[in-house]
Amino acid sequence: PLPGDMSSPNILHLNQSGPTEFVFRVFTTSPRIQALLFCFFLLLYVMILCGNTTIICIVCTHSSLHTPMYFFLSNLSFLEICYTTTVVPLMLSNIFGAQKPIPLAGCSAQMFIFLTLGGDDCFLLAIMAYDRYVAICHPLHYTLIMTQKRCIQLVVGSLSLALLLELQLTVLICTLPFCGHILEINHFLCDAPPVLRLACGDIKMHQAILFMVGTLVLTVPFLLISISYIFIANTILRIRSAEGRRRAFSTCSSHLSVVLLQYGCASLVYMRPRSSTSEDEDRQLALVYTFVIPLLNPLIYTLRNKDDVKNALKKVISKKAASENL
């Protein structure tokens, strides 16, 4: 339907007066499936919290991991915790179909935090690719380039850029007029595309700006990551030792797999042309980057492939076991 179409199924209680409020479309009306979904999503959320918190604690407490790569990784884990916490608790509270309205201000706040953390996530992945590029292509200058001050500047800069871009986008979308008092969002969070569909009037300019911001947040970092890995691959192929090639490749393979999944899903949601059949697909893709990617961060990126993190984790477990035996 058109943005101002009175027959739109996404518009509820059109004749009511008052401030604009939103409700989220339920996944299912079956109580049994609702209970299963609640338990499943809660389990994933707890696993995300535990896995990423473990990484932060290990990196902070072991001096052998006080390197730029693990500094960025711990920041990424903290981002994943904040990212999912912005979405999942509210999603779980609405999963049983209570249809609790969320005011426009609350929806705007969730959108801004979600988009900012997601954008910062993308920028941080690009920074991590640059870190691997310096470590593999310029190993002798690595400590001179990736100083503690430089690492902090990169992290603060990525967050500041995400804040600047997403604040403007959120204000632009949430100051639009909306048709009706209570509107139903075909999603489980206040994301930019589904909220934009509910606005009245012409939204072509807003869609163009959304695409522009998506280009800056997704395409530019991805191009930088791709360029970094071209140089990295070229350097790895020159390494004569098979063991050296294996170690160099192992430091990059997990990061690259997370990058492809993160940017692939986000690009499909924010940068493809709008269509009448894309809303349900957007919601399914959002489940991937809300649950799957934050879960992959500790399971694939670190604990599965990095011997130093696994050794640090073993030390923590052995110390705890020894203290309990005393």
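Per the working numbering, the very first residue in the sequence shown carries number 1; after that it's consecutive.
The beta-carbon is built from N, C-alpha and C at its ideal position, and this holds for glycine as well.
Per DSSP, the beta-bridge partners of Val23 are Glu184. With contacts defined by Cβ atoms closer than 7 angstroms, Ile225 and Val171 do not form a contacting pair. DSSP places Ser63 in no alpha helix (DSSP H); its state is neither H nor E. A direct Cα-to-Cα measurement between Tyr70 and Leu256 gives close to 16 angstroms.
DSSP lists Ala199 as the beta-bridge partner residues of Phe178. Per DSSP, Phe96 is not a residue of any alpha helix (DSSP H), being assigned neither H nor E.
With respect to the C-alpha of Gln168, the residue from Ala109, Pro103, Leu285, Leu37 having the closest C-alpha is Ala109.
Check the Cα spacing between Ile56 and each of Leu76, Ala199, Leu117: the tightest is with Leu76. Counting C-beta pairs closer than 8 angstroms gives three or more between the region 75 to 92 and the region 110 to 120, which meets the contact rule.
Membership of Cys107 in the alpha helix (DSSP H) is indicated by the continuous run 104 to 137. Out of Ala199, Cys151, Ala192, the CA that lies nearest to the CA of Ile182 is found in Ala199.
Pairing Phe24 with Ile185, the inter-Cα distance amounts to about 5 angstroms. By the Cβ criterion, the region 139 to 146 is not in contact with the region 279 to 299, since fewer than three pairs of Cβ atoms, one from each stretch, lie closer than 8 angstroms.
Looking only at Ile209, Gln207, Leu154, the smallest Cα-Cα distance to Phe123 is reached by Leu154. Beta-carbon to beta-carbon, Met146 and Pro19 are separated by about 49 angstroms, too far to satisfy the 8 angstroms threshold. The C-alpha of Gly264 lies about 23 angstroms from the C-alpha of Met91. Around the beta carbon of Met212, a 10 Å sphere encloses fewer than 16 other beta carbons of the protein chains shown; the residue is thus reported as exposed. Closest option to Leu161, judged by alpha-carbon separation, among Ala135, Ile203, Tyr83, Pro221: Pro221. Judged by DSSP secondary structure, Pro294 falls within the alpha helix (DSSP H) whose first and last residues are 293 to 296. In this structure Leu210 does not touch Ala233 by the C-beta definition: roughly 33 angstroms separates them, more than the 8 angstroms allowed. In this structure, Gly118 keeps its C-beta atom at 7 angstroms or more from the C-beta atom of Pro298. If you draw a straight line from the Cα of Arg283 to the Cα of Gly201, it comes to about 24 angstroms. When secondary structure is reduced to three states using DSSP, Leu189 falls in the coil class, being assigned neither helix nor strand.
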